[in-house]
Amino acid sequence: MRNQISKEQSLLHQWAPKPEPILEIENRLKIDHRLGINIDSMEGLFLRALCLQPHVEKVVEIGTQYGCSTTWMAMGLKSKGIIYTCEQDEKCIAAAKKTFTQSSFLETGCRVELLEGPALESLPKISAKGPFDLIFIDANKSGYLDYYHWAKDHLKSGGYLIADNVFLFGHMFHPDRVDAKHEKMLKVMQDFYQALFSNPEFCTSMIPTAEGMLFAVKS
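Letter 201 of the sequence shown, counting from 1, is numbered 425 in this note's numbering, and no numbers are missing.
Take a look at the structure:
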């Protein structure tokens, strides 16, 4: 969760004000005491830039939350794109539906299909609609390895795989200090790193955002 604004984020906010649709979502997150679960401008503008690429049309998002990252991507995709987004939390589903019916979202022209329920149950339902141009993972961290296994088989050659929170709230830097509650999550994230960085089909790097964002391109 992003509770502090870095000097880099502060500088970005100064020169790139957040779009009105994002401010509206963040206001609802603040009211619900959940501000910080969403991506910030640094990650959002990066996703938007990727979705501006002419070849990016079909996107899968694992972890909708309030639809903040969905909105950033929709602003890049516009009418050429469709986003299949997975969410299982009922409160987030209700919040996302509100986001997707706002005029500011509809004006992007991007189509969105909200898949309700556990992502591992929803993803097979859209497999036939692939391969996909971009897959963004920002859901329960204990599922990252499973999401990777699905993503690598359904991502188009030249497609982008992005995963957020890969620093695991700082635990990846100090694995020896992880408490029992986070041990499984840490092991899954380490296995996720190993699987992706060792896969010759992907050129993988990391963007040092506040929470860490992994970026890979499939060859």
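Glycine included, C-beta positions come from ideal geometry on N, C-alpha and C.
Alpha carbon of residue i to alpha carbon of residue j, nearest angstrom
i	j	result
residue 277	residue 404	43 Å
residue 377	residue 440	14 Å
residue 239	residue 437	22 Å
residue 391	residue 435	6 Å
residue 431	residue 266	10 Å
residue 362	residue 320	15 Å
residue 314	residue 372	24 Å
residue 411	residue 364	14 Å
residue 303	residue 327	14 Å
residue 417	residue 243	33 Å
residue 270	residue 360	12 Å
residue 443	residue 425	5 Å
residue 268	residue 286	15 Å
residue 329	residue 400	44 Å
residue 230	residue 422	31 Å
residue 367	residue 341	14 Å
As assigned by DSSP and simplified to three states, the class of residue i
i	result
residue 435	coil
residue 444	Because residue 444 is not part of the residues shown, which for the chain are 225 to 443, the question remains open.
residue 317	helix
residue 273	helix
residue 282	strand
residue 452	The structure shown does not extend to residue 452, since the chain is modelled only from 225 to 443, so the question has no answer here.
residue 247	helix
residue 400	helix
residue 379	strand
residue 261	coil
residue 357	strand
residue 391	coil
residue 230	coil
residue 240	coil
residue 326	coil
residue 362	coil
residue 348	helix
Residue i and residue j closer than 7 Å at C-beta
i	j	result
residue 291	residue 272	no
residue 346	residue 339	yes
residue 357	residue 280	yes
residue 297	residue 283	yes
residue 384	residue 350	no
residue 245	residue 295	yes
residue 316	residue 343	no
residue 263	residue 293	yes
residue 395	residue 406	yes
residue 420	residue 428	yes
residue 415	residue 379	no
Residue i - partner residues in DSSP beta bridges
i	result
residue 288	For residue 288, which the question treats as bridged, DSSP gives no partner whatsoever.
residue 441	384 and 427
residue 308	284 and 337
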